[in-house]
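Structure first, then comments.
There are 2 protein chains.
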Amino acid sequence: MVNFEFQNPTKIIFGKDSEQCLGKEIKKYGKKVLFHYGGGSIKKNGVYDKVKKVLDDENIEYIELGGVKPNPRLSLIYEGIKICRENSIDFILAVGGGSVIDSAKGIAVGVPYEGDVWDFYMGVSVPETKLPVGVVLTIPAAGSESSYSSVVTEEKNKLKRPLDHDVLYPQFAIMNPEFTFSLPAYQTSCGISDIMAHLMERYFTNVKGVGITSRLLEGAMKNIIDNAHLVLDDPHNYIARSEIMWTGSIAHNNLLNTGRIGDWASHMIEHELSAINDVAHGAGLAIVFPAWMKYVYKHNIDLFVQFAVRVWNVEQDFENKERTALAGIERLESFYKSIGLPVRLSEIGIGEEHYQEIASKCRVFHEDDTVGNFVKLTRKDIVEILRLAK
Amino acid sequence: MVNFEFQNPTKIIFGKDSEQCLGKEIKKYGKKVLFHYGGGSIKKNGVYDKVKKVLDDENIEYIELGGVKPNPRLSLIYEGIKICRENSIDFILAVGGGSVIDSAKGIAVGVPYEGDVWDFYMGVSVPETKLPVGVVLTIPAAGSESSYSSVVTEEKNKLKRPLDHDVLYPQFAIMNPEFTFSLPAYQTSCGISDIMAHLMERYFTNVKGVGITSRLLEGAMKNIIDNAHLVLDDPHNYIARSEIMWTGSIAHNNLLNTGRIGDWASHMIEHELSAINDVAHGAGLAIVFPAWMKYVYKHNIDLFVQFAVRVWNVEQDFENKERTALAGIERLESFYKSIGLPVRLSEIGIGEEHYQEIASKCRVFHEDDTVGNFVKLTRKDIVEILRLAK
């Protein structure tokens, strides 16, 4: 276990009717709200009306800014910052999933900053403060509702970049599993894949003596697997929706990372896939992760045996570690297929002609950077991984 | 899953040399410190000197108050409150285990309160604020370093009472596993038992659809079991000490309780055992818990089968649930014995003549109260449980 600090200040308000607390919570922090959301889904499923009603009933003034797209755009963040400054807005309310929340975080750190908010994402500057942010979560996936991360895409150069900083934790997150009943199956599966990926990125580490977080990660993965088909078979299953929603937050609130150093190569590679063709993040991860595993498992085959046995209930072949390890990877891939996700680049129309471009773009900041911690991948390694996902 | 709110503000600073952050953290909250500790152990193992050196190096003014005993006394809390008021102390530093931290919390809520601090523990009044509290943890057990609980004993009537309130969360907890190297084997085992009990109290619930927290609780229990003998065999095993220390906090920081309603009868019963003869809390729990289980397992035999199979790796007898359930309880009892803890009241000299008294005292506040949530125990039930622990 490596030394660590851990403090997650986000207040979670979870369950049926939890949005009724919205007014009380907002009033702790601000008076004038930017009500930030995505496309039309919250208007169709009634969440938009419910939130508006609470804000109106509580006499909270707000300006709306919709239009966040998956892989949220820097241009909309600039627009949000401008609106906040011109209207003395002092609180950002994100109603949606990870893209909306990440966009809200971008606006929130951008408003009090004199420079270009993209500086933070490019690592040129470090945020010191932000406007307070509240969340009404509608898509369990990114874990952004109680994380310190924001991932934004700069459209011109198709650069998708993460920003991780303690100031980014939202002040509160309201999580009503009923708000996820209307999520389409594909989006539900993409969320499940994203949550699994957050757990697996943390799981594959070179740090020894991390039994507690390994056990917690395994438990969370098993719970996602347990509930995936329940929720796809019955989208109104409150319990299964709850399990996935709460596990999605726990997967990414940094507790399960304490004392470990996660990998994150698959995320970095996937970010460039979705920057190229707007594939949903969870779908991209379902393609990249098994390929990454096939490429790196020999680096610590015992950890992959543990993953296979503990998470996937593979019967261990004590005479053949490799067979056991590969069976775990095989089950992960089968799981993705069973929930309707692609597992090959060809399925999403990314051909070999893009591999070099993807590999180049995800080499962060400097030409000689590598990607990932479990195995430090060079550009050549990434191309090999993409070939395994062909 | 039941609706819940969750927010744990305690900052964890974990690892070797983490005490070096002490000055920086204290200065965020106060200028004059009550340095609160227990008996002589921190003077023998060097922790006292290390803390003093950091405080001196950082020019932090402090007054010492040692003398906290296991099952911390109300009288010392009164003394601490007096010292704080007379000396304008604005920060309490607890250096020790659960008793010291609970005592510090008692002082911290007592100082700004005009009435008798015991009101809070008797449920007569609710705390609104406290002095800030920092912790340097030396005994992994109670989880008080990041919990909202304090348990105090009023000596005259031998009443041991818990206070649970959000204001009680410490501001920070410094956790250096090396500070636990010198813990005697028996005290280490008592801590392990206390941690297991915190996990089991949460585990046995009537709430359905709590897969995620069940999985996390099982993982944490398995990790405690994995590491117990490692640490007893080699008290200087840094990794095993780390695992137990961090699991001890996670077990009681309320995350693993989200969406569930824990039981807590065994704790209530044990509190009265240790009020009678000062048995260590963890030792008392090792006696009470298996007896409680033998008395209640039929209430939800499937949950006890799950406990046996998932936590204790009992091979499930699919034709005989009872056999599987009882095997799990048996393994728990064997585990306690294997780490040197008593499992019968006779071993600690509590005879049948005390059973009625214990049963009466743990009926909180009102004569017709019951104890526990999984099964609501009457006085008669408690006596039966004590008989099973004879």
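Chains H and G are the protein sequences, given in the same order.
So the first sequence is numbered by this note's numbering: it starts at 1 and just counts up by one.
So the second sequence is numbered by this note's numbering: it starts at 1 and just counts up by one.
Don't be surprised by glycine CBs; every beta carbon is placed ideally from N, CA and C.
Asked: Using a Cβ-Cβ distance cut-off of 8 Å, determine whether residue 14 (chain H) contacts chain G.; Found: yes
Asked: What does a CB cutoff of less than 6 Å around residue 35 (chain G) pick up in its chain, not counting 5 residues either side in sequence?; Found: 62, 64 and 93
Asked: Any beta carbon from chain H within less than 8 Å of residue 1 (chain G)'s own beta carbon?; Found: yes
Asked: Can you check whether the C-beta of residue 9 (chain H) is within less than 8 Å of a C-beta belonging to chain G?; Found: yes
Asked: Using a Cβ cut-off of 9 Å, pull out every chain H residue sitting near residue 272 (chain G), in sequence order please.; Found: Near residue 272 (chain G) there are no residues of chain H at all, since even the closest Cβ is about 32 Å away, more than 9 Å.
Asked: Against residue 222 (chain H), what residues of chain G qualify as contacts under a CB-to-CB distance less than 8 Å, listed in chain order?; Found: 215
Asked: Rounded to the nearest angstrom, what separates residue 31 (chain H) and residue 89 (chain H) at their Cα positions?; Found: 8 Å
Asked: Would you kindly report the start and end of the unbroken beta strand (DSSP E) that includes residue 160 (chain G)?; Found: 159-164
Asked: Have a look at residue 287 (chain H) and residue 221 (chain H) and give me their C-alpha separation to the nearest angstrom.; Found: 18 Å
Asked: How would you list, in chain order, the residues of chain G whose beta-carbon sits under 7 Å from the beta-carbon of residue 226 (chain H)?; Found: 211
Asked: Where does residue 280 (chain G) fall in DSSP's three states?; Found: coil
Asked: Excluding the 5 residues preceding and the 5 following residue 53 (chain G) in the sequence, name in chain order all residues of the same chain whose CB lies nearer than 8 Å to its CB.; Found: none
Asked: Between residue 179 (chain H) and the rest of its own chain, which residues show a CB-CB distance below 6 Å, the 5 nearest in sequence each way excluded?; Found: 47 and 138
Asked: In angstroms, rounded to a whole number, what distance separates the CA positions of residue 370 (chain G) and residue 296 (chain G)?; Found: 14 Å
Asked: Note down the Cα distance separating residue 329 (chain H) from residue 77 (chain H), rounded to an integer number of angstroms.; Found: 38 Å
Asked: Going along the chain, which residues of the stretch 83-102 of chain G sit with their C-beta nearer than 8 Å to a C-beta in chain H?; Found: none
Asked: What does the Cβ neighbour count give for residue 33 (chain H), buried or exposed, with the cut at 16 atoms within 10 Å?; Found: buried
Asked: What three-state label does DSSP hand residue 236 (chain H) in the structure shown?; Found: coil
Asked: Can you pull the chain G neighbours of residue 246 (chain H), defined as C-beta to C-beta under 8 Å?; Found: 1, 212, 258 and 259
Asked: What's the C-alpha gap between residue 368 (chain G) and residue 381 (chain G)?; Found: 13 Å
Asked: Can you tell me the Cβ-Cβ gap for residue 374 (chain H) and residue 223 (chain H), rounded? I've got them flagged as a contact below 8 Å.; Found: The Cβ separation is near 23 Å, so there is no contact.
Asked: Is the beta carbon of residue 264 (chain G) less than 8 Å from the beta carbon of residue 385 (chain G)?; Found: no
Asked: Under a CB-based cut-off of 8 Å, is residue 255 (chain H) close to chain G?; Found: yes
Asked: Does the distance from the CB of residue 160 (chain G) to the CB of residue 167 (chain G) come in under 8 Å?; Found: no
Asked: Shortest alpha-carbon distance to residue 71 (chain H) belongs to which of H:158, H:378 and H:358?; Found: H:158
Asked: Start and end of the alpha helix (DSSP H) containing residue 449 (chain G)?; Found: Because chain G is modelled from 1 through 390, residue 449 (chain G) falls outside the range shown and cannot be assessed.
Asked: Would DSSP call residue 147 (chain G) helix, strand or coil?; Found: coil
Asked: Any Cβ of chain G within less than 8 Å of the Cβ of residue 250 (chain H)?; Found: yes
Asked: Should the stretch 340-357 of chain G be regarded as contacting the stretch 315-325 of chain G, the criterion being three or more beta carbon pairs within less than 8 Å?; Found: no
Asked: Considering only C-alpha positions, which residue in the set H:193, H:126, H:390 and H:307 is nearest to residue 352 (chain H)?; Found: H:390
Asked: One question on the structure: do residue 281 (chain H) and residue 143 (chain H) come within less than 8 Å of each other, judged by their Cβ atoms?; Found: no
Asked: Looking at residue 347 (chain H) and residue 290 (chain H), is the spacing between their C-beta atoms short of 8 Å?; Found: no
Asked: Say whether chain G places a C-beta atom closer than 8 Å to the C-beta of residue 239 (chain H).; Found: yes
Asked: Name the chain G residues whose beta carbon is nearer than 8 Å to that of residue 242 (chain H)?; Found: 1, 209 and 259
Asked: Which two residues bound the contiguous alpha helix (DSSP H) that contains residue 382 (chain G)?; Found: 379-388
Asked: Out of H:131, H:169 and H:361, which has the shortest C-alpha to C-alpha gap to residue 107 (chain H)?; Found: H:131
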